[in-house]
Amino acid sequence: MNEVKKPKRPLIFYYGIAMLVLLLFNFLAVPGIMEGKIEDVDYGKFMNMTENKDIGYVEIQDNRIIFTDKANEKIYQTGIVNDPGMTERLYNSGAKFSKEIVKEASPLMTFIFSWVLPIILFIAIGQFISRQMLKKMGGGNSMMFNMGKSNAKIYVKSSDGIKFSDVAGEDEAKENLAEIVDYLHNPKKYSEIGASMPKGILLVGPPGTGKTMLAKAVAGEANVPFFSMSGSEFVEMFVGMGASKVRDLFKQAKEKAPCIVFIDEIDAIGKKRDGNIGGNDEREQTLNQLLTEMDGFEGNTGVIILAATNRPESLDPALTRPGRFDRRVPVELPDLKGREEILKVHAKKVKTGPGIDYMQVAKMASGASGAELANIVNEAALRAVRDNRELVTQADLEESIEVVIAGYQKKNAILTEKEKMIVAYHEIGHAMVAALQTHSAPVQKITIIPRTSGALGYTMQVEEGNHYLMSREELENKLATFTGGRAAEEVVFGSVTTGASNDIEQATKLARSMITRYGMSDDFDMVALETVSNQYLGGDSSLACSAQTQAKIDEKVVELVSAQHNKAIQLLSDNRAKLDELAKYLYENETITGEQFMKVLNA
Ligand code: ADP
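Taking this note's numbering, the leading residue of the sequence shown gets 3, the next gets one more, and so forth.
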């Protein structure tokens with residue numbers, strides 16, 4: 003495999019440094035290097051100085067004569083002239099013969115300086131740069147914990163270890179993860195009965211909702227090591243590195259088990275593999291390695307992998323298969339109460355004045371994520387400092403909402419009051435139509451916090467058990483439920499909005515299927531009007547009928563939907579008081595559970 007060797011501390015590196023030191027020594031020790039100081043003179047001057055007994059030292063070389071003045075202050079050189087009496091005259095003048103005025107660079111030295119050293123330096127610098135690059139890409143040695151290649155950041159429990167209590171709101175997610183903590187505390191309890199923990203848990207939700215915090219909190223609560231790595235870190239490097247990093251990460255994790263491995267932005271490696279030839283090989287290799295590793299260890303090793311993503315739909319289905327990331331924990335944007343709690347948690351870190359109404363701030367910051375709320379508190383504190391105040395006030399908090407939200411240029415812009423009201427009615431409309439028809443499943447939870455998917459509201463329905471067979475009535479009720487949102491808008495506001503586009507799509511699809519695939523219309527009996535090419539892979543279908551029939555199908559689809567639409571309008575008009583009451587409740591609280599909903603409805 004493409005095991006990438008950790009670059010050993012290259013000998014040559016030290017060698018280069020040693021040579022550099024040597025070179026410096028030579029600079030200082032060898033006067034020859036200072037040849038620039040030697041003054042060229044003509045032979046006449048040399049003869050004159052000899053005559054005048056002005057010469058201190060003299061050195062006669064093969065091709066030149068080097069000499070100093072009496073005070074040894076200056077060095078001169080001159081060429082060789084055929085002058086047989088010169089030596090004698092010099093001797094008589096009292097000049098001292100020397101061999102060492104200027105040290106000749108030996109041929110070996112010359113060779114080293116002009117060839118070997120530059121090459122060594124060149125290599126050493128090259129090595130240094132590549133090491134730096136490797137380090138930057140995470141391939142180098144993490145010095146802090148000596149973690150080897152994977153460079154996973156290990157988070158060891160410390161006094162400030164994050165606990166569940168630090169994560170405000172997100173109660174459902176915490177409940178879900180508490181089981182993991184319990185397992186890590188007491189794995190025996192689980193293994194004795196033969197239960198194994200899910201190996202992988204996917205934390206799904208928009209950015210800044212506390213996914214990383216929750217993962218850390220699991221490790222903190224269970225008091226186990228925490229390895230964290232971001233999906234993008236795996237792929238942003240040379241080919242083959244990603245896979246080897248995954249292998250390494252798991253090797254370390256197994257050694258340190260029980261522990262938590264957290265992979266942030268898993269979509270960076272886990273994107274759907276699109277059968278394109280020449281796709282991103284590196285990513286695919288990394289993903290394959292991850293899958294192999296996950297399959298490779300038993301459920302009871304004590305290594306639990308948490309991964310975060312805000313685009314679960316883009317994940318490769320192989321990742322979410324049983325035995326891999328088979329549990330999904332939604333981590334949604336906080337509702338009103340959640341926002342208030344988050345604000346309070348973060349406000350503890352700053353000095354606040356008396357009488358701050360967090361609920362009011364939370365109301366104004368509808369749609370903000372946990373990270374944004376944390377930032378709002380911080381901005382408020384900065385504002386207080388700017389104004390030379392010592393305490394954060396209500397006004398600071400309210401002012402900074404705008405700063406933070408505008409700064410982020412939120413895509414899912416915060417709803418205006420009017421929009422919020424419409425969305426509340428729309429969602430209650432769906433839920434009421436569902437609940438008022440006996441066959442429809444009761445709602446579990448309704449929220450009007452903008453969702454990752456772009457939907458403004460969200461009605462969570464629980465199906466009663468597994469439904470394999472749906473009757474015509476049930477499907478019709480479902481159709482009515484789809485139209486319930488729009489129906490509520492019509493009943494209450496007398497006008498319609500774009501908010502129903504998704505409902506329309508779903509209703510149309512269902513109505514069309516009822517007619518063309520399930521034989522639920524009186525006109526076509528049990529004739530298949532549509533062929534489904536591959537039922538297990540998406541189910542692309544094409545109509546298999548004449549143009550006239552197609553036109554008739556279109557007509558029937560409209561008929562079917564509008565009948566249910568009218569039914570929904572009727573149901574809501576008949577229960578207008580309840581509709582208003584529930585919408586008001588949802589508008590004010592942003593969330594309503596199924597239980598509360600049914601209580602109001604049946605009151
Ligand atoms: P994610 O991983 O979902 O993008 P993080 O866990 O990194 O989000 O959260 C970023 C920051 O936002 C945290 O460090 C924390 O200060 C703040 N934050 C987010 N959610 C919460 C929460 N539920 N409670 C308290 N603080 C939160």
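We treat Cβ as the ideally placed atom computed from N, Cα and C, and that holds for glycine. Just so we're clear, the structure is a prediction, and the values are computed from it rather than from any experiment.
Option in the options with minimal Cα separation from residue i
{"i": "D266", "options": "Y192, L308 and S246", "result": "L308"}
{"i": "Q129", "options": "H432, V83, Y16 and I195", "result": "Y16"}
{"i": "M472", "options": "M516, G487 and D283", "result": "M516"}
{"i": "F228", "options": "Y587, V305 and S132", "result": "V305"}
{"i": "L258", "options": "G210, E583, V226 and K273", "result": "Here residue 258 turns out to be Lys, not Leu, going by the sequence shown. Taking only the C-alpha atoms, the option nearest K258 is V226."}
{"i": "T70", "options": "C261, S100 and N84", "result": "S100"}
{"i": "K55", "options": "I68, G87 and L92", "result": "L92"}
{"i": "M522", "options": "Q566, V493 and L477", "result": "L477"}
{"i": "G431", "options": "F599, L317, I403 and V331", "result": "F599"}
{"i": "A73", "options": "T89, R323 and M51", "result": "M51"}
{"i": "V559", "options": "L481, N604, S503 and F495", "result": "L481"}
{"i": "E286", "options": "P324, N312, S234 and P332", "result": "S234"}
{"i": "L338", "options": "N390, A126, E590 and N84", "result": "E590"}
{"i": "D527", "options": "S371, I555 and P336", "result": "I555"}
{"i": "Q396", "options": "E421, H187 and L345", "result": "L345"}
{"i": "A180", "options": "V331, N94 and I62", "result": "V331"}
{"i": "G18", "options": "G58, T112, A370 and I127", "result": "I127"}
{"i": "L204", "options": "F327, D64, F48 and V23", "result": "F327"}
{"i": "K422", "options": "T89, M296, I271 and T499", "result": "T499"}
{"i": "R66", "options": "F113, G325 and G81", "result": "G81"}
Per-residue DSSP class, three states only, for residue i
{"i": "G202", "result": "strand"}
{"i": "V331", "result": "strand"}
{"i": "D184", "result": "helix"}
{"i": "E342", "result": "helix"}
{"i": "E172", "result": "coil"}
{"i": "Q439", "result": "coil"}
{"i": "F299", "result": "coil"}
{"i": "T499", "result": "coil"}
{"i": "E392", "result": "coil"}
{"i": "V406", "result": "helix"}
{"i": "K447", "result": "strand"}
{"i": "A217", "result": "helix"}
{"i": "A197", "result": "coil"}
{"i": "T2", "result": "Given that the chain is displayed from residue 3 to residue 605, the structure contains no residue 2 and the question cannot be resolved."}
{"i": "E98", "result": "In the sequence under discussion, the amino acid at residue 98 is Lys, which differs from the Glu named in the question. K98: strand per DSSP, three-state reduction."}
{"i": "T595", "result": "strand"}
{"i": "L471", "result": "coil"}
{"i": "Y520", "result": "coil"}
{"i": "T418", "result": "coil"}
{"i": "S515", "result": "helix"}
{"i": "N504", "result": "helix"}
{"i": "N290", "result": "helix"}
{"i": "S368", "result": "coil"}
Contacting residues, own chain, Cβ-Cβ under 6 Å from residue i (five flanking each side not counted)
{"i": "Y192", "result": "Y185"}
{"i": "K176", "result": "F166"}
{"i": "D505", "result": "F484 and G487"}
{"i": "V405", "result": "E381"}
{"i": "I403", "result": "M366, A367 and I378"}
{"i": "T593", "result": "D337 and T449"}
{"i": "L292", "result": "V248"}
{"i": "K273", "result": "S316"}
Own chain partners of residue i with C-beta closer than 7 Å, once the 5 adjacent residues on each side are dropped
{"i": "V394", "result": "V352, K353, T354, G355, A382, A383 and A386"}
{"i": "V183", "result": "V220, E223 and A224"}
{"i": "L119", "result": "M21 and L25"}
{"i": "S575", "result": "V493"}
{"i": "A570", "result": "V435, A482, T485, G486 and A489"}
Residue(s) in a DSSP beta bridge with residue i
{"i": "V559", "result": "According to DSSP, V559 bridges with nothing at all."}
{"i": "Q79", "result": "D42 and I68"}
{"i": "V529", "result": "DSSP lists no partner for V529."}
{"i": "M231", "result": "I265"}
{"i": "A310", "result": "L205"}
{"i": "E61", "result": "I68"}
{"i": "K273", "result": "L317"}
{"i": "S544", "result": "T533"}
{"i": "T354", "result": "V394"}
{"i": "V305", "result": "C261"}
Own chain residues within Cβ distance below 8 Å of residue i, not counting five before or after
{"i": "E400", "result": "Q362, V363 and M366"}
Problem set entry | Check your reading: residues with Cβ closer than 6 Å to ligand 1 heavy atoms | V169, A170, G171, E172, P209, G210, T211, G212, K213, T214, M215, A310, I344, V347, G372, A373 and A376
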